[in-house]
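As you go down the protein sequences, you meet chains A and B in turn. Going by full-length UniProt numbering, the first residue of the first sequence is number 1, and it counts up by one from there. Going by full-length UniProt numbering, the first residue of the second sequence is number 1, and it counts up by one from there. All C-beta atoms in this analysis are idealised placements derived from N, C-alpha and C, irrespective of residue type, glycine included. A short worksheet on the structure shown next.
Protein chains: 2
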Amino acid sequence: MTAETVRSMTGDSLAEDMQTLGRQARSAAQALTISSEAQRNQALREAASALRRNSEDILAANRQDMDQARARGTAKAFLDRLELSEARIETMASGLENIAALPDPLGRTLAAWEQPSGLRIERRSVPLGVIGIIYESRPNVTADAGGLCLKSGNAAILRGGSESHHSSGAILDCLQAGLKAAELPDSALQRPATPDREAVGHLLRLNTYIDLIVPRGGRGLIERVSEESRIPVLAHLEGVNHCYLHTAADPAKSTPLVVNAKMRRTGICGAAETLLVDRQVAQTLLPPLLSELRAAGCELRGDEEVQALDSAVIPADEADWATEYLDAILSVRLVDGLEEALAHIARYGSGHTECIVTEEAEAADTFLARVDAAIVMQNTSTQFADGGEFGMGAEIGIATGKLHARGPVGADQLTSYKYLVRSAGATRP
Amino acid sequence: MTAETVRSMTGDSLAEDMQTLGRQARSAAQALTISSEAQRNQALREAASALRRNSEDILAANRQDMDQARARGTAKAFLDRLELSEARIETMASGLENIAALPDPLGRTLAAWEQPSGLRIERRSVPLGVIGIIYESRPNVTADAGGLCLKSGNAAILRGGSESHHSSGAILDCLQAGLKAAELPDSALQRPATPDREAVGHLLRLNTYIDLIVPRGGRGLIERVSEESRIPVLAHLEGVNHCYLHTAADPAKSTPLVVNAKMRRTGICGAAETLLVDRQVAQTLLPPLLSELRAAGCELRGDEEVQALDSAVIPADEADWATEYLDAILSVRLVDGLEEALAHIARYGSGHTECIVTEEAEAADTFLARVDAAIVMQNTSTQFADGGEFGMGAEIGIATGKLHARGPVGADQLTSYKYLVRSAGATRP
Numbered sequence: 001m002t003a004e005t006v007r008s009m010t011g012d013s014l015a016e017d018m019q020t021l022g023r024q025a026r027s028a029a030q031a032l033t034i035s036s037e038a039q040r041n042q043a044l045r046e047a048a049s050a051l052r053r054n055s056e057d058i059l060a061a062n063r064q065d066m067d068q069a070r071a072r073g074t075a076k077a078f079l080d081r082l083e084l085s086e087a088r089i090e091t092m093a094s095g096l097e098n099i100a101a102l103p104d105p106l107g108r109t110l111a112a113w114e115q116p117s118g119l120r121i122e123r124r125s126v127p128l129g130v131i132g133i134i135y136e137s138r139p140n141v142t143a144d145a146g147g148l149c150l151k152s153g154n155a156a157i158l159r160g161g162s163e164s165h166h167s168s169g170a171i172l173d174c175l176q177a178g179l180k181a182a183e184l185p186d187s188a189l190q191r192p193a194t195p196d197r198e199a200v201g202h203l204l205r206l207n208t209y210i211d212l213i214v215p216r217g218g219r220g221l222i223e224r225v226s227e228e229s230r231i232p233v234l235a236h237l238e239g240v241n242h243c244y245l246h247t248a249a250d251p252a253k254s255t256p257l258v259v260n261a262k263m264r265r266t267g268i269c270g271a272a273e274t275l276l277v278d279r280q281v282a283q284t285l286l287p288p289l290l291s292e293l294r295a296a297g298c299e300l301r302g303d304e305e306v307q308a309l310d311s312a313v314i315p316a317d318e319a320d321w322a323t324e325y326l327d328a329i330l331s332v333r334l335v336d337g338l339e340e341a342l343a344h345i346a347r348y349g350s351g352h353t354e355c356i357v358t359e360e361a362e363a364a365d366t367f368l369a370r371v372d373a374a375i376v377m378q379n380t381s382t383q384f385a386d387g388g389e390f391g392m393g394a395e396i397g398i399a400t401g402k403l404h405a406r407g408p409v410g411a412d413q414l415t416s417y418k419y420l421v422r423s424a425g426a427t428r429p
Numbered sequence: 001m002t003a004e005t006v007r008s009m010t011g012d013s014l015a016e017d018m019q020t021l022g023r024q025a026r027s028a029a030q031a032l033t034i035s036s037e038a039q040r041n042q043a044l045r046e047a048a049s050a051l052r053r054n055s056e057d058i059l060a061a062n063r064q065d066m067d068q069a070r071a072r073g074t075a076k077a078f079l080d081r082l083e084l085s086e087a088r089i090e091t092m093a094s095g096l097e098n099i100a101a102l103p104d105p106l107g108r109t110l111a112a113w114e115q116p117s118g119l120r121i122e123r124r125s126v127p128l129g130v131i132g133i134i135y136e137s138r139p140n141v142t143a144d145a146g147g148l149c150l151k152s153g154n155a156a157i158l159r160g161g162s163e164s165h166h167s168s169g170a171i172l173d174c175l176q177a178g179l180k181a182a183e184l185p186d187s188a189l190q191r192p193a194t195p196d197r198e199a200v201g202h203l204l205r206l207n208t209y210i211d212l213i214v215p216r217g218g219r220g221l222i223e224r225v226s227e228e229s230r231i232p233v234l235a236h237l238e239g240v241n242h243c244y245l246h247t248a249a250d251p252a253k254s255t256p257l258v259v260n261a262k263m264r265r266t267g268i269c270g271a272a273e274t275l276l277v278d279r280q281v282a283q284t285l286l287p288p289l290l291s292e293l294r295a296a297g298c299e300l301r302g303d304e305e306v307q308a309l310d311s312a313v314i315p316a317d318e319a320d321w322a323t324e325y326l327d328a329i330l331s332v333r334l335v336d337g338l339e340e341a342l343a344h345i346a347r348y349g350s351g352h353t354e355c356i357v358t359e360e361a362e363a364a365d366t367f368l369a370r371v372d373a374a375i376v377m378q379n380t381s382t383q384f385a386d387g388g389e390f391g392m393g394a395e396i397g398i399a400t401g402k403l404h405a406r407g408p409v410g411a412d413q414l415t416s417y418k419y420l421v422r423s424a425g426a427t428r429p
């Protein structure tokens, strides 16, 4: 048997395995449609208990992944995301309990009305069906995303990064234990049997069985998924987020707000990456703000005018304006009024979160109306771009597209609806 | 120059033209974002006037299309859809006026709340951006779909069937006259310059400029678009719709309801295609119903039991259960109770509109909850599956997917939303 034949047989058997996963998920989704809220919440709480009960097994599985990753010489940031601890397991467990405590997103009457024809019409929330989640080697996403799918009555196929295969498997075992305890099919939450990277390609073509793909990760992953998928994708793109200090910005608010937006946590998608400052107020606002940022450990890159105001600012080049640093770096540019700020954001923004700092209601209204982003803010730190901070409970991420859901994606956003129509035998004239 | 070179040059220039269309549409969409409700409604009303004023030019353009189509020996049903008349032009014009009279789908506060952190959050409806509409040679869709896109503040690229090129162009001229009269960019509604079929392929790859593709037409068109598109698709699939006569069906309602559901108009996607009858009530309900259907001109195809009840019933084969006849044909099958009806619908239904005829509330609730379709009905003719009948005004069609919008797609469904967040300088702890 040639190597080629072996490879192609492996490919076939993987394709078959993925078909089976899809079929099982579809059938589990049907069971979830008729499950009760109590059952779904019980499954979530039982899964939380199982995570705590099996924490040693989970940590042992994680050590296997960590050893293999270290042996491959993986970068430290990668290892940080991969590593589990008792504390991280507890965060996953309490996360699932928090999801269980959220209001039921299903069976809600979203609207109800009567027509002159005698039709009584109700729009009612229902699950989407089967969701494919594709994410990097962050094993905790298995619990977070799996929990949200279950809460919203969806079956899920969870495909985490290959390097987290053992850890994710141990966590998935706990989720499935929760499902069984609540008498729900454990195929409601599944994953490919092997860490084979080709599984992703197969998953993206299972359009007979999967209703939605949610990729969660860096730009490369999202782009690959959007390009290859035959299934609708709810993309969570990067956040090239701006703070714009308008002429009517309150100096007392500007500095703490921008420092918080940039520096509170630099690695999250809601962090600010570019500061735009109205030329009229630059000389007043910018020097104290830049020195506070630098004191907080932030590298500053700016255009020539900004450099003239502060000689320690490094020159920014064209690429800087389009970069999501996810790091303690801020690009700074002066603009001539609101229109120029809007034009800069339209050109370089990623449609995630944009903020104007101003005390002038009219300028704020214009900014909020005209900036095309999921979240537009006045006098508010962009770091608030988060489902929890919006009061929506847990979230899978911030969707930057405009279809289906935009902004934080929690359990509510993972639902669809149907129309229920009743009458006393109405026929259409 | 070889034929090959000429072809490839044409292809390049078409690709370039489509890029230009996309760029112009994107820029028009930005202008629409800041347009007022009054402007958009004025454009719709002026377009209606232009249609009436230019009806002779439109009819002349339509005669060109009709002559060419006849010369190619096109089928009568196709010609019927292609042909315009004074009455059809008036229907388009008053359709646009009706859309103008609908409530504004934009700038609506969908939800508003305050967080303990001091954030005041509002979810507000906004346009999607640029919509690509792909449809067959029905020139009236140019006005209907264009009008809905404009109402909802979206730019649109309208690509109708090649055979309707002259008619659609004459109608688009009127829409653009309306835009100009309202001081809106006429590139808000555009179409490819030539009837070249390859334009569709290019359109489906313009993901930089187009946010949503709405295909409107038969199965072949929808499947091609779903397969090829690099842009999210809001698909309107066929309606393999069922009426299920439950044991507790009211005989006085059953016959008029099923006759209406099948025969009122057989060519619309809300028409019933299959009748399921509970075995327990078949002998009572079916004979009078079948003879009324036959009297109304309906061909009947059934399983052996149905044939035994009525010797004029033709045998149905497996393909019948999955067929959208769009014609005066009904397939009929007996089932053993609600579960078997649900299983049949899960297997053969297309997720469009499904109806149970019963006086028993529990059976109805089970049916409405468990059938996975955009519209589920009790004691109501499936022919009511229509945006107008739902009180939503005009519609592009009935979406059968679960993402973004499900069921009738009108102006409201062609919107997205954004979050507006205000605070007094809140920073995240």
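query	result
Backbone CA spacing between Y417/A and V126/A [nearest angstrom]	5 Å
Three-state secondary structure assigned by DSSP to P251/B	helix
CA-to-CA distance, L203/B to D17/B, given in whole angstroms	10 Å
Top-ranked residue by Cα proximity to A47/A, from Q378/A, N98/A and L82/A	N98/A
Residues of its chain near A29/B, where Cβ-Cβ distance is below 6 Å and the 5 sequence neighbours each way are ignored	G129, V130 and A155
Selection from G153/A, G95/A and V277/A that minimises the alpha carbon distance to R108/A	G153/A
Residue range of the alpha helix (DSSP H) that includes D365/B	A361 to R370
Among A322/B, D303/B, M66/B and G387/B, the one whose alpha carbon lies nearest that of E163/B	M66/B
I356/A and G407/A closer than 7 Å at C-beta	no
Distance between beta carbons of D173/A and L179/A, contact taken as under 8 Å	Not a contact, Cβ separation roughly 11 Å.
Minimum C-alpha distance to T382/A - residue among K402/B, P429/B, L403/B and V371/B	P429/B
Pair within 7 Å by beta-carbon distance, R52/B and A93/B	yes
Through-space distance from F390/A to S49/B, alpha-carbon basis	47 Å
Alpha helix (DSSP H) segment containing C174/A, residue limits	H165 to A181
DSSP state of H242/B mapped onto helix, strand, coil	strand
Beta-carbon gap between A170/A and A296/A smaller than 7 Å	no
Interface positions of the region 96-120 of chain B facing chain A (Cβ-Cβ less than 7 Å), listed along the chain	W113, Q115, S117 and L119
Segment contact, 8 Å Cβ cut-off, at least three pairs: the region 276-285 of chain A with the region 394-408 of chain A	no
Where Q280/B meets chain A, residues with beta-carbon distance less than 9 Å	Simply none; closest approach about 20 Å.
Chain B contacts from the region 373-397 of chain A (Cβ-Cβ distance under 7 Å)	A373, A374, I375, V376, M377, Q378, N379, T380, S381, Q383, F384, E389, F390 and G391
Beta carbon proximity, V6/B to chain A, threshold 7 Å	Bear in mind that a pLDDT of 42 at V6/B, under 50, signals an unreliable position, so the model cannot answer this.
Same chain, Cβ closer than 6 Å to Q307/A, neighbours up to 5 away in sequence not counted	V313
Through-space distance from E198/A to S8/A, alpha-carbon basis	In this predicted model, S8/A has a pLDDT of only 47, less than 50, meaning its place in the structure is not dependable; the value taken from the coordinates is given anyway. Rounded to the nearest angstrom, the two C-alpha atoms are 12 Å apart.
Burial state of Q64/B, where buried means 16 or more other Cβ atoms lie within 10 Å	exposed
Proximal residues to T2/B (C-beta, below 8 Å), its chain only, five neighbours per side dropped	With a pLDDT of only 40 at T2/B, under 50, the local geometry of the prediction cannot be trusted, and no value is derived from it.
V225/B beta carbon less than 7 Å from that of V233/B	yes
K262/B in three-state terms, based on DSSP	helix
Within-7 Å CB hit, D211/B to chain A	yes
Local conformation of V313/B per DSSP, three classes	coil
One or two residues paired with T353/A in a DSSP bridge	I375/A
Neighbourhood of I268/B by C-beta, 6 Å cutoff - its chain only, sequence neighbours within 5 removed	none
Whether A188/B touches T358/B by CB criterion (7 Å)	no
Supposed contact pair L148/B and A394/B - C-beta distance, whole angstroms, cut 8 Å	6 Å
Cβ neighbours of residue 430/B in the same chain (closer than 7 Å, five flanking residues each side left out)	Chain B is shown only over 1 to 429; residue 430/B falls outside these bounds and no answer can be derived.
Contacting positions in the region 228-250 of chain B - beta carbon closer than 9 Å to chain A	R230, P232, V233, L234 and D250
Where D65/A sits in the DSSP three-state scheme	helix
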